[in-house]
Structure formats: C-alpha cells, structure tokens
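Accompanying notes for the structure given below.
What follows is the structure, given as structure tokens:
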C-alpha cells in the first residue's frame, strides 16, 4: 500500500513544493537497503531506468555523481549529498533532468518495522513547468516517479 502527501504551496510561484510517498515492504530493512542503498545501482527501477553509472567521485560517498539513462531516452544526473547505514538513509540532489523541476533534493529512507520495512521517499523542489498549472504538473511528475519507484523496490525486495 502506497501512502503519501503532496503540497503545492500557493503563496508564491517560487515556493518549494514537497512530495512524500511511503510503502510497506514485506522484507527486513537490511534486505530492502541492499536494493535501495547502492547509489550507483538503480537496477531495481528496471521499468524506467536503462542504466546507471557513477561518473564522478566514489560510489556511496557524498559528492559521488551518477548518470541515469532512462529507457525513454532522457538522462538524469544526480549527486549524493548524504548516506547513512543506520538509520538507513540516502539523500541526493538532481543536477540535470528532463523532469519539470528545479532545485530538487530528495531522501529515501528505510525504517524497520518487525519483519517488514517502511520505505519513504520525499523530495523538495520548485516547478519549472511553463503551464499555468505548473506546480501541479511538477507534483504529478514527482508523485508518479516515486510511486513507480516504490512499487519496484517492493517487488524486488520481496522476491
């Protein structure tokens, strides 16, 4: 079951937007972290990601930069800003992307809950969508990304 929230701040067009989505995975946190915690490997997201490679720095070290080639042809470049083993947490920023967002910063966390785990993916960003409803376009894009990614994490970790 996916849970989450989205907030499009209406006070000013430049106000940051926030999306948080969560899923319960029927697997121990250590196993889920093996799926999620390797910054240089997004093979769990095989529906959308063609390949992932570290292009700068050392994998899993702050400052490492990854290049994600999407199956639809786009490229995303992200930089790892923090990574912790316990609690399991990985934070990064998006440097280049075809998504309608800018100033994107995100964290994925894995929290043990008995034999299960709760994976939470949250991001803060600004819209760069040109449409009048640009904030909603940006929130919808990130929400869709998170929901698909979390479903993939669940599928892989529960095998």
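Residue numbers (my numbering): 2 to 160. All residues carry an ideal CB built from backbone N, CA and C; glycine is no exception.
- When C-beta atoms of the segment 141-159 are compared with those of the segment 70-83, fewer than three pairs fall below 8 Å, so the two segments do not count as touching.
- Comparing alpha-carbon positions, the option among 134, 140 and 96 lying closest to residue 56 turns out to be 96.
- In the displayed model, residue 30 falls within a helix according to three-state DSSP.
- Between residue 89 and residue 110 a beta carbon distance of about 6 Å is seen, short of the 8 Å cut, so the two are scored as contacting.
- Going by DSSP, residue 93 is part of the beta strand (DSSP E) stretching over 89-97.
- One Cα belongs to residue 58, the other to residue 65, and the distance between them is close to 4 Å.
- Secondary structure of residue 125 (DSSP, three-state): strand.
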